[in-house]
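Heads up: the structure comes next, in structure tokens.
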Amino acid sequence: MSNYSTRRSFLQTISLGIGTTIAATAIAGKNKYAPPGKEQKKLGVALVGLGSYAKNQLAVGLEQAGNCYLAGIVTGTPDKAAEWSKKYNIPAKNIYNYQNFDQIASNKDIDIIYIVLPNSMHHEFVLRAARAGKHVMCEKPMANSVKDAEEMVKACKDAGVQLGIGYRMHFEPFTREVIRLARKKEFGQTRFIQTNFGFSIGDPTQWRLKKDMAGGGPLMDVGIYCVQASRYVTGAEPLWVTAQFGPITDKERFTTVEESVSWQMQFPGDTMVNGFTSYKSNIEQLYVSADSGWMQLGPAYSYGPIKGRTSQGEMNQPVVHHQTVMLQAICKEFMDTGKFPTHINGDEGVRDTKILMAIYEAAKTGKRIPLV
Ligand code: NDP
Numbered sequence: 000m001s002n003y004s005t006r007r008s009f010l011q012t013i014s015l016g017i018g019t020t021i022a023a024t025a026i027a028g029k030n031k032y033a034p035p036g037k038e039q040k041k042l043g044v045a046l047v048g049l050g051s052y053a054k055n056q057l058a059v060g061l062e063q064a065g066n067c068y069l070a071g072i073v074t075g076t077p078d079k080a081a082e083w084s085k086k087y088n089i090p091a092k093n094i095y096n097y098q099n100f101d102q103i104a105s106n107k108d109i110d111i112i113y114i115v116l117p118n119s120m121h122h123e124f125v126l127r128a129a130r131a132g133k134h135v136m137c138e139k140p141m142a143n144s145v146k147d148a149e150e151m152v153k154a155c156k157d158a159g160v161q162l163g164i165g166y167r168m169h170f171e172p173f174t175r176e177v178i179r180l181a182r183k184k185e186f187g188q189t190r191f192i193q194t195n196f197g198f199s200i201g202d203p204t205q206w207r208l209k210k211d212m213a214g215g216g217p218l219m220d221v222g223i224y225c226v227q228a229s230r231y232v233t234g235a236e237p238l239w240v241t242a243q244f245g246p247i248t249d250k251e252r253f254t255t256v257e258e259s260v261s262w263q264m265q266f267p268g269d270t271m272v273n274g275f276t277s278y279k280s281n282i283e284q285l286y287v288s289a290d291s292g293w294m295q296l297g298p299a300y301s302y303g304p305i306k307g308r309t310s311q312g313e314m315n316q317p318v319v320h321h322q323t324v325m326l327q328a329i330c331k332e333f334m335d336t337g338k339f340p341t342h343i344n345g346d347e348g349v350r351d352t353k354i355l356m357a358i359y360e361a362a363k364t365g366k367r368i369p370l371v
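Position 260 of the sequence shown, counted from 1, bears residue number 259 in numbering that gives the first Met the number 0, the numbering being contiguous throughout.
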């Protein structure tokens, strides 16, 4: 069990009670509503890369969401194709490998292609999905470079398809409540945010420890949640960043990626952020200090249950299955407007990629890197 997704054994699921058949009909690349009362099909999603996250989280979300379903798979492992086909009743015509993937263009069952591959493969497969004329969801981190991320946005814009990043915390109720409290200034102006996410990584041979595949270490994998949190809590963009790599204590695992990194950012409104991420320390917390109170989530970013308190007491929010509510919300918005929610779109992924790269640059050079 090598990452935080498989590390969490207490996955919480709830039945969301969505029984009605909703969704849209894909017409000329756009989803149109069927007239009220007329039954619509669910959005068909094809998962690309049947690893841990696809299997243990997204497939569950697709089963529960109600307005979308697992219509197809793309895998390089024939045994998985057979197993998934049987389990999810996926017809042979909706099963692809990485070589014949582009033929998905003519498959009317597939509305959205969801890329769940190692980070270095996101760029290629988002571009190929866009060329196939399909809407695309891509897992975080969007890309290993700003250039790649920008090319992904452009490819989707040029093809007239939607691009979303799998930023599930945007749909999680405790997180949404912290965002509401902070942005409405219920406790006054936010002055300081402490945000950490790290875990003890397992298998030393896994792709997460190879820079050419992962793009970096814990910052790319889980530190991105902290960067995201500082942006979604403040609703603003950082002005500058300084950063420091932590020591390498494990010379077997950390030959090409960092073991840990700390960073500091200033946001408009004189809000300071301290971030920390690690492949050694088990830690996850979001602490937001404002003029007249505070909000705290811990656990803050794993699959849950997320727990929260404010200076006024326990937070009372529903515990949800993150991937289910994320898929539901994205598909609903798409069916309502023809677009994915803007707060998780490709432009958001580009902004985060720029910040991640600036954190690396700051840690390497020891300099304060401006972000505006
Ligand atoms: P895994 O290693 O478990 O799965 C990746 C899958 O990609 C493999 O099982 C394989 O599927 C396919 N693949 C194709 N080429 C390669 C290759 N050269 N090396 C390894 N795998 C390959 O990774 P995860 O599922 O944990 O992560 C996948 C993506 O999802 C990452 O970008 C990660 O950051 C993101 N993620 C997001 C999470 C979230 O909460 N939003 C949580 C966990 C991960 P196949 O055999 O079908 O070809």
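Every residue, glycine too, gets a C-beta built ideally from N, C-alpha and C. Computed from a prediction, not measured in an experiment: that's the story for all the values here.
Counting only residues of its own chain and dropping the five nearest sequence neighbours on each side, Pro340 has a CB closer than 8 Å to the CB of Gly163, His169, Ala328, Ile329 and Glu332. Remark: the C-beta of Gly75 is in contact range of the ligand NDP, defined as less than 7 Å to any heavy atom. A residue is called buried when at least 16 other Cβ atoms come within 10 angstroms of its Cβ; Asn195 meets this threshold and is buried.
For Phe124, the CB contacts under 7 Å within the same chain, skipping 5 residues up- and downstream, are Val47, Ile114 and Leu116 in chain order. Its Cα nearest to that of Tyr166, the residue Tyr224 stands out among Pro203, Gly214 and Tyr224. In the structure shown, Met325 falls within a helical segment according to DSSP collapsed to helix, strand and coil. According to the DSSP assignment, Gly292 belongs to the beta strand (DSSP E) that extends over Gly292 to Leu296.
Counting C-beta pairs with one atom in each stretch, the region 175-182 and the region 72-80 have fewer than three that are closer than 8 Å, which means they do not touch. Under the criterion of beta carbons closer than 8 Å, Val226 and Ile343 do not qualify as touching, at roughly 14 Å.
When C-beta atoms of the region 139-155 are compared with those of the region 103-114, fewer than three pairs fall below 8 Å, so the two segments do not count as touching. By the Cβ rule, the region 237-248 does not count as touching the region 199-208, because fewer than three pairs are nearer than 8 Å. Distance from the CA of Gln263 to the CA of Tyr52, rounded to the nearest whole angstrom, comes to 30 Å. Its Cα nearest to that of Thr323, the residue Leu69 stands out among Leu49, Leu69 and Leu285. Contact annotation: Ser259 and Pro217 have beta-carbon atoms nearer than 8 Å. At least one heavy atom of the ligand NDP is found less than 7 Å from the C-beta of Leu49. Listed in chain order, the alpha helix (DSSP H) elements of length 4 or more contained wholly in the region 136-198 are 145-158 and 172-182.
Taken from the Cβ of Met271, every heavy atom of the ligand NDP lies 7 Å or farther away. With a cutoff of 8 Å on beta-carbon distance, Ala129 and Ala148 are scored as not near each other.
Residue pairing from DSSP places Thr241 in a beta bridge opposite Gln263. Inclusion of Val115 in the 7 Å shell around the ligand NDP follows from its C-beta lying nearer than that to a non-hydrogen atom of the ligand.
Ala289 has its Cβ no nearer than 7 Å to any heavy atom of the ligand NDP. Within the DSSP bridge table, the entry for His134 names Ile111 as partners. At least one heavy atom of the ligand NDP falls within 7 Å of the beta-carbon of Tyr52. At a Cβ-Cβ threshold of 8 Å, Leu296 and Gly303 do not count as neighbours. Shown here for Ala235: same chain residues with a beta carbon closer than 6 Å to its own, the five before and five after excluded, namely Phe266 and Pro267 in chain order. For Arg167, the CB falls within less than 7 Å of some heavy atom of the ligand NDP. Cβ-Cβ separation between Phe173 and Trp293: approximately 14 Å, too far for a contact (criterion under 8 Å). In the DSSP annotation of this structure, the continuous segment of the alpha helix (DSSP H) that includes Ile354 starts and ends at Gly345 to Thr364. Taking 8 Å as the cut-off, the beta carbon of Thr270 is found no closer than this to the beta carbon of Arg367.
In this structure, Glu138 has its CB closer than 7 Å to one or more heavy atoms of the ligand NDP. At least one heavy atom of the ligand NDP lies less than 7 Å from the C-beta of Asn118. In this structure, Asp211 has its CB at a distance of at least 7 Å from all heavy atoms of the ligand NDP. His122 and Val145 have their C-alpha atoms roughly 11 Å apart.
The alpha-carbon of Ser277 is positioned some 43 Å away from that of Lys40. Just so you know, the alpha carbons of Asp249 and Glu313 end up roughly 38 Å apart.
Residue pairing by DSSP places Glu251 in no beta bridge whatsoever.
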